[in-house]
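Residue numbers (my numbering): 4 to 129.
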């Protein structure tokens, strides 16, 4: 059963990446038309991502060790960083906003990151 769920997640990933990049490269205006409504409603966007994270996290954490998950997260985070690095000035504005407002808007994902990091350290040193 878990293999089927992992395959579904992998399929979803592949289709989403190809659709997003295809739209961005071929029809950037259409891509913006799709993205704008999501970004305009941060609560809805956070709920969407929370749902995806909950389902994918459950499947992945049942199937893989936390060490495996952490290694994949380093890889994925590096790819995200590479994609965002050319937009450093925009990111700087975002980091300034976050540092001024604090973590009140996004405390839950930060809590998950802390829990995962502590879990990794516990697994490594126990």
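Think of the CB as a built atom: it goes at the ideal place given N, C-alpha and C, for glycine as much as any other residue.
Cutting at 7 Å between CB atoms, please list the residues of its own chain near residue i, excluding the five before and the five after it.
i           : result
residue 9   : 62, 66
residue 122 : 69
residue 5   : 62, 65, 66
So does residue i have its beta carbon nearer than 7 Å to some heavy atom of the ligand ADP?
i          : result
residue 52 : Ligands in the displayed structure: none, and consequently the ligand ADP is not present.
Just how far apart, CA to CA, sit residue i and residue j?
i           : j           : result
residue 109 : residue 90  : 22 Å
residue 114 : residue 28  : 35 Å
residue 32  : residue 20  : 17 Å
residue 15  : residue 92  : 32 Å
residue 76  : residue 87  : 16 Å
residue 79  : residue 59  : 14 Å
residue 52  : residue 43  : 14 Å
residue 39  : residue 47  : 12 Å
residue 103 : residue 94  : 14 Å
residue 112 : residue 128 : 24 Å
residue 124 : residue 37  : 39 Å
residue 84  : residue 101 : 17 Å
residue 7   : residue 17  : 15 Å
residue 50  : residue 22  : 21 Å
Take residue i as the anchor and find which of the options has the nearest alpha-carbon.
i           : options    : result
residue 126 : 97, 72, 78 : 72
Who are the Cβ neighbours of residue i in its own chain at under 6 Å, not counting the five residues just before and after it?
i          : result
residue 34 : 26, 27
ask   = Which parts of the stretch 16–63 are runs of the alpha helix (DSSP H), unbroken and 4 residues or longer, counting only runs that do not cross its ends?
value = 31–43
query = Going along the chain, which unbroken runs of the beta strand (DSSP E) with 3 or more residues stay wholly within the stretch 75–109?
reply = none
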